[in-house]
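Residue numbers for the sequence shown follow the working numbering, so the first one is 2 and each next one is one higher. Positions of the beta carbon are idealized from the N, C-alpha and C atoms, including for glycine. The structure appears below as structure tokens.
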Amino acid sequence: MSITKAMWAGVSGLSAEGQALGVVGDNVANSNTIGFKQSRAVFEDVLGGAMGQNLGGGVRMARTQQLFAQGSIVNTGQASDLALTGDGFFVVDGTVGGVTGQFFTRAGQFTQDSQGFMVTPSGLKLQGYAADGNGGFGATVGDVQIPSTPLPPKATTSFDVVANLDANETPPALPWDPANPAATSNYSTSTTVYDSLGNAHAVDVYYVKTAAGWDYHAMVDGGEVSGGTPGTPSEIASGSLTFTTNGYLDTHTAGASTVDFNGATPGQNIAFNFGTPISAGGTGQDGITQYGSPSNVTSQEQDGYASGSLTGIQVDGDGVVNGVYSNGEQIAIAQLAVAKFQSNDGLARAGQNVWMATRDSGEAAIAAAGSGGRAAIVAGALEQSNVDIAQQFVEMISHQRAFQANSKTITTADEMLQELVNLKR
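See the structure below:
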């Protein structure tokens with residue numbers, strides 16, 4: 002290698018190490034940036050001369066490579082703070098640097114704007130699939146918006162019971178009397194149901210042992226239903242249950258179960274579900290049973306509720322955003338979308354803690370969080386920067402020493418050239 006080539010090799014080293022130090026500086030500056038992914042400088046050698054001579058011409062920084070290792074998850078307690086664990090990115094929509102469209106981020110510092118949209122600190126809107134009201138979600142990605150309107154009431158339509166009735170019970174001495182239910186039944190439970198206005202009604206369910214099995218009678222205060230008398234129980238549902246010799250529910254014969262609560266929509270039908278009887282193709286063990294142990298209730302669930310106002314949100318691991326209401330209900334609002342790429346390394350940084358898809362990254366494959374190997378979501382937490390400060394300091398020193406060494410190459414070559422000039426004298 003000629004002296005001049007040595008000098009130019011040193012110059013290339015100064016340039017490459019200077020650029021690499023800039024990468025380190027960017028990493029250090031973003032060591033506390035939520036969701037930031039550190040980068041590293043990738044060097045490659047430069048050859049000079051004709052092909053096959055292998056004359057080294059120095060070095061250049063070929064590119065900057067992003068390292069997408071998982072950052073630490075830190076709990077914040079803020080419900081709208083979201084962290085991703087695994088491969089994938091939140092999808093956001095808006096304008097960055099004059100470009101409008103979808104962008105991708107690991108920074109989950111979301112808040113609600115004045116219209117209820119979940120947004121990043123720079124106003125980009127979080128994307129997801131809106132709930133369809135039937136327990137599912139739509140197929141089109143759109144802005145996630147938290148409704149501010151009150152949750153309307155829902156009338157009770159079903160009442161599900163898991164319980165046991167004591168097989169050792171005998172029929173009461175007195176026949177069933179709706180005016181005196183406590184003295185003419187074997188066992189009773191209580192629950193609350195709701196009418197179309199969201200008014201709560203206390204319901205007592207009485208179980209009466211019969212020769213064939215059990216009868217049940219659901220009663221409310223007569224003052225709460227059309228044509229009833231205050232203080233006198235009024236029956237709103239009844240039926241009969243039979244069991245096998247193993248104590249499994251064999252048949253369920255339901256009687257009338259409609260009720261006209263005062264002021265509410267008339268003809269409210271409440272289906273009493275005690276599990277699937279054997280006669281209907283079930284096991285007879287998933288609801289009410291008749292074993293030789295004291296009567297008891299494991300669970301009673303009904304699907305109605307009063308109206309409520311939004312008090313907050315709750316996000317589960319699959320990205321389902323639930324509205325939390327003052328009446329104790331949690332209603333699904335949306336499911337967050339997560340994007341995956343063929344090559345995360347091919348994504349282009351766009352600023353504002355987001356990336357853009359490129360030809361090198363491939364198109365975004367967007368689906369629900371937690372599906373198809375996509376990252377799960379941790380609510381009330383944030384993913385920290387994956388920058389290792391100690392490692393960056395080591396890198397900084399390494400680049401500094403290499404810069405000094407390249408400077409020495411240049412000064413040494415300069416001294417040698419000076420010696421050549423002096424020979425002429």
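Which residues mark the beginning and the end of the beta strand (DSSP E) in which V298 is found?
In the sequence shown, the residue the question calls residue 298 occupies position 297. From DSSP, the beta strand (DSSP E) with V298 extends over N297 to Q303.
Can you tell me whether Q79 is helix, strand or coil according to DSSP?
If you number the sequence shown from 1, residue 79 lands on position 78. Q79 falls in the coil class under three-state DSSP.
Selection from L166, P179 and G329 that minimises the alpha carbon distance to Q315
On the sequence shown, position 314 is the one that residue 315 refers to. When L166, P179 and G329 are compared, the shortest CA-CA separation from Q315 is found for G329.
Please identify the residue among S399, T246 and I279 whose C-alpha is closest to the C-alpha of G293.
On the sequence shown, residue 293 is found 292 positions in, with the first residue counted as 1. Cα-wise, what sits closest to G293 is T246.
Nearest by alpha-carbon distance to G19: which of S32, V43 and I4 is it?
Working through the sequence shown from its first residue, we reach residue 19 at position 18. Selected option, being the one with the closest Cα: V43.
Shortest alpha-carbon distance to V355 belongs to which of Q336, D216 and G124?
Position 354 of the sequence shown, counting from 1, holds the residue named residue 355. From the listed residues Q336, D216 and G124, the smallest Cα separation to V355 is found for G124.
For my contact list, Q205 and S241 are in at a C-beta cut-off of 8 angstroms; report their separation, rounded to the angstrom.
Locating residue 205 in the sequence shown gives position 204, where the first residue counts as 1. Locating residue 241 in the sequence shown gives position 240, where the first residue counts as 1. The amino acid occupying residue 205 in the given sequence is Asp; Gln does not appear at that position. With a Cβ gap of about 18 angstroms, D205 and S241 do not count as contacting.
For the beta strand (DSSP E) containing T193, list its first residue and its last residue.
Start at 1 with the first residue of the sequence shown, and residue 193 comes out as number 192. Y188 to Y195 is the extent of the beta strand (DSSP E) around T193.
Spell out a yes or no on whether the region 221-228 and the region 190-206 are touching, meaning 3 or more CB-CB pairs, one atom from each, closer than 8 angstroms.
Three or more beta-carbon pairs drawn from the region 221-228 and the region 190-206 are found closer than 8 angstroms, and the two stretches are therefore classed as touching.
Kindly list the residues whose CB is nearer than 8 angstroms to the CB of D415, restricted to its own chain and excluding five residues on each side of it in sequence; keep chain order.
The sequence position of residue 415 within the sequence shown is 414, counting from 1. M8.
Can you round the beta-carbon distance between D82 and D144 to whole angstroms, since I take them to be within the 8 angstroms contact cut?
Indexing the sequence shown from 1 puts residue 82 at position 81. Indexing the sequence shown from 1 puts residue 144 at position 143. The beta-carbon distance between D82 and D144, rounded to whole angstroms, is 19 angstroms. This is too long to meet the 8 angstroms contact definition.
For Y208, list the residues DSSP reports as bridge partners.
Here residue 208 corresponds to residue number 207 of the sequence shown, with the count starting at 1. According to DSSP, which records beta bridges pairwise, Y208 is partnered with Y188 and Y217.
Taking only the alpha-carbon atoms, compute the straight-line gap between D167 and F160 and give it to the nearest angstrom.
Residue numbering aside, residue 167 sits at position 166 when the sequence shown is read from its first letter. Residue numbering aside, residue 160 sits at position 159 when the sequence shown is read from its first letter. D167 and F160 have their C-alpha atoms roughly 21 angstroms apart.
Tell me, please, which residues DSSP counts as bridged to S235.
Taking the sequence shown and counting its residues from 1, one reaches residue 235 at position 234. Per DSSP, V221.
With a 10 Å radius around its C-beta and 16 neighbouring C-beta atoms as the bar for buried, classify K126 as buried or exposed.
Start at 1 with the first residue of the sequence shown, and residue 126 comes out as number 125. Buried, by the Cβ-count rule.
Assign T106 to buried or exposed, taking buried as 16 or more other Cβ atoms, counted over all protein chains shown, within 10 Å of its Cβ.
Along the sequence shown, read from residue 1 onward, the residue named residue 106 stands at position 105. The residue is buried, with at least 16 neighbouring Cβ atoms inside 10 Å.
Backbone CA spacing between V142 and S149 [nearest angstrom]
Within the sequence shown, residue 142 is the residue found at index 141, counting from 1. Within the sequence shown, residue 149 is the residue found at index 148, counting from 1. Here the alpha carbons of S149 and V142 stand approximately 21 angstroms from one another.
Among M62, Q66 and A255, which has the Cα closest to the Cα of R41?
Along the sequence shown, one-based indexing puts residue 41 at 40. Among M62, Q66 and A255, the Cα nearest to that of R41 belongs to Q66.
Considering just the uninterrupted stretch of the beta strand (DSSP E) at T254, what are its terminal residues?
Along the sequence shown, one-based indexing puts residue 254 at 253. L250 to A255 is the extent of the beta strand (DSSP E) around T254.
Give the range of the beta strand (DSSP E) segment to which G352 is assigned.
Against the sequence shown, residue 352 aligns to sequence position 351. Per DSSP, G352 belongs to the beta strand (DSSP E) from A349 to G352.
When you compare only the Cα positions, how much space is there between G288 and A380?
Residue 288 sits at position 287 when you count from the first residue of the sequence shown. Residue 380 sits at position 379 when you count from the first residue of the sequence shown. Using only the alpha carbons, I get a separation of about 34 angstroms.
By Cβ distance, which residues of its chain are closer than 8 angstroms to P231, with the 5 residues on each side in sequence left out?
Numbered from its first residue, the sequence shown carries residue 231 at position 230. So the list reads D222, G223 and G224, once near-sequence residues are dropped.
Quick one: Cα of T211 to Cα of L250, how far?
In the sequence shown, residue 211 corresponds to position 210, counting from 1. In the sequence shown, residue 250 corresponds to position 249, counting from 1. Rounded to the nearest whole angstrom, the C-alpha separation of T211 and L250 is 15 angstroms.
Around the C-beta of Q116, are 16 or more other C-beta atoms found within 10 angstroms, so that it is buried, or is it exposed?
Within the sequence shown, the letter at position 115 stands for residue 116. Flag for Q116 reads exposed.
Leaving out the 5 sequence neighbours to the left and right, which residues in its chain are closer than 6 angstroms to A108 when beta-carbon positions are compared?
Residue numbering aside, residue 108 sits at position 107 when the sequence shown is read from its first letter. Cβ neighbours of A108 beyond the five flanking positions: I35, G36 and N354.
Who are the Cβ neighbours of S308 in its own chain at under 8 angstroms, not counting the five residues just before and after it?
The residue labelled residue 308 in the question sits at position 307 within the sequence shown. Counting only residues of its own chain and dropping the five nearest sequence neighbours on each side, S308 has a CB closer than 8 angstroms to the CB of P151, L152, P153, P154, G199 and N328.
For T299 and Y208, I'd like the C-alpha separation in whole angstroms.
For the purposes of this step, residue 299 is identified with residue 298 of the sequence shown, where counting begins at 1. For the purposes of this step, residue 208 is identified with residue 207 of the sequence shown, where counting begins at 1. Each residue's CA atom was taken as its position, placing T299 and Y208 some 15 angstroms apart.
Are M119 and I147 touching if we call contact CB-CB under 8 angstroms?
Here residue 119 is taken as the residue at index 118 of the sequence shown, counted from 1. Here residue 147 is taken as the residue at index 146 of the sequence shown, counted from 1. Cβ distance < 8 angstroms, so M119 and I147 count as in contact.
For V163: DSSP bridge partner residues
Residue mapping note: residue 163 aligns to position 162 of the sequence shown, counting from 1. Listed as beta-bridge partners of V163 by DSSP are S300.
Could you check the C-alpha separation between I244 and T252 for me, to the nearest Å?
Working through the sequence shown from its first residue, we reach residue 244 at position 243. Working through the sequence shown from its first residue, we reach residue 252 at position 251. A small fix is needed here, since residue 244 is Phe in this sequence, not Ile. A direct Cα-Cα distance of roughly 7 angstroms separates F244 from T252.
Are the Cβ atoms of T277 and G283 separated by less than 8 angstroms?
To locate residue 277, count along the sequence shown from 1; it is residue 276. To locate residue 283, count along the sequence shown from 1; it is residue 282. Against a cut-off of 8 angstroms, the Cβ pair of G283 and T277 comes out as a contact.
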